[in-house]
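Written below as structure tokens is the structure these notes are about.
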Amino acid sequence: MAGHSKWANIQHRKGRQDEKRGKIWTRIIREITVAARQGGPDIKDNPRLRLAVDKAKAANMPADRIKYNIDKASGNLDGLSYEEIRYEGYGIAGAAIILDTMTDNRVRTVAEVRHAFSKYGGNLGTEGSVAFQFKHCGQFVFAPGTSEDKVMEVALEAGAEDVVTDDDGAIEVLTAPADYEAVKAALEAAGLNPEVAEVTMRPENTIDISGEDAERMQKLLDVLEDLDDVQAVYHNAALG
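Residue numbers for the sequence shown follow this note's numbering, beginning at 67 and rising by one.
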């Protein structure tokens with residue numbers, strides 16, 4: 067099936083993430099900490115920790131630093147207790163935004179999130195106000211020019227829910243979160259290496275935003291992503 071063009075947006079996002087590598091490491095360490103404390107330090111028995119370690123490796127975090135943070139979390143050495151909170155809201159032109167946070171102080175976090183939304187043209191919504199516009203799923207994105215037939219054959223055989231060819235030729239493989247690892251292993255075994263591989267909140271539909279509105283939306287997203295307690299930002303804006 068065909069889908070909305072998103073390759074440029076994905077490349078843009080990856081570029082901005084590369085500029086913020088230090089920030090990304092901080093978020094990944096926080097994710098490793100929570101995953102190890104909740105599910106234990108054994109990667110084989112802890113799917114969430116496996117995903118966090120995969121993120122760490124993709125961000126070029128050294129193996130000894132990954133191990134140190136797993137060991138530290140398992141021993142509860144720093145005494146911090148993180149709480150996971152999701153916030154939902156609206157950006158420019160009514161675009162939907164979801165923020166996943168980890169915090170040791172929810173009063174501080176909600177104040178910072180609310181301030182960012184209000185200062186940069188958005189609105190903080192209530193729980194459930196925009197989440198219905200997203201699907202929790204595993205997502206793999208392949209560059210335009212990748213063999214659609216090969217991706218489809220391997221992915222569907224491994225249990226993927228759908229394979230989507232976008233208008234610009236990029237190929238998306240979508241899975242249930244529980245099937246993410248099995249599909250990832252099958253794709254890699256077949257020599258298919260995606261540009262993006264993650265469990266995410268994927269928008270069901272996108273809103274095209276261009277010109278000054280796109281610049282304002284990008285500014286709002288940048289500010290939200292830079293908040294210390296924010297782990298991930300999901301939105302349905304296609305910025306032109």
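For every residue, glycine included, the Cβ atom is placed at its ideal position computed from N, Cα and C.
As the structure is a prediction and not an experimental result, all values here were calculated from the model.
Taking 8 Å as the cut-off, the Cβ atoms of residue 156 and residue 164 do not count as close.
Around the CB of residue 97, 16 or more other CB atoms lie within 10 Å, so the residue is classed as buried. Taking 8 Å as the cut-off, the Cβ atoms of residue 223 and residue 237 do not count as close. Nearest in C-alpha terms to residue 185, of all of 154, 302, 282, 294, is 282. Note: residue 189 is bridge-paired with 156 in the DSSP secondary-structure output. Separation of the CB atoms of residue 266 and residue 303 is rounded to 15 Å, and the pair is thereby denied contact status at 8 Å. DSSP places residue 92 within a helical segment (H, G or I) once states are collapsed to three. Pairing residue 120 with residue 147 gives a Cβ-Cβ distance that is not under 8 Å. If you look at residue 300, you'll find it in the beta strand (DSSP E) that goes 296-301. Here residue 250 is buried: its Cβ has 16 or more other Cβ atoms, across all protein chains shown, within 10 Å. In the structure shown, residue 204 falls within a strand segment according to DSSP collapsed to helix, strand and coil. Judged by pairs of C-beta atoms under 8 Å, the region 280-294 touches the region 174-190, as three or more such pairs exist. In this chain, the alpha helix (DSSP H) harbouring residue 113 covers 113-124. With distances taken between CA atoms, residue 207 lies nearest to 253 out of 192, 195, 197, 253. Counting the other CB atoms within 10 Å of its CB gives residue 154 a total of 16 or more, which places it among the buried residues. Comparing alpha-carbon positions, the option among 235, 159, 101, 246 lying closest to residue 132 turns out to be 101. The criterion of a C-beta distance shorter than 8 Å is not satisfied by residue 122 and residue 158. Going by C-alpha positions, residue 173 is about 39 Å away from residue 260. Taking 8 Å as the cut-off, the beta carbon of residue 217 is found no closer than this to the beta carbon of residue 196.
If only complete runs of 4 or more residues are kept, the region 268-293 shows the alpha helix (DSSP H) at 277-291, in order along the chain. Secondary structure of residue 242 (DSSP, three-state): coil. In the three-state reduction of the DSSP assignment, residue 234 falls in the coil class. In chain order, 154, 155, 156 place their CB closer than 7 Å to the CB of residue 191, counting only its own chain and leaving out the 5 sequence neighbours on each side. For residue 221, the enclosing alpha helix (DSSP H) has its first and last residue at 214-223.
By the Cβ neighbour-count rule, residue 126 is exposed, with fewer than 16 other Cβ atoms within 10 Å of its own.
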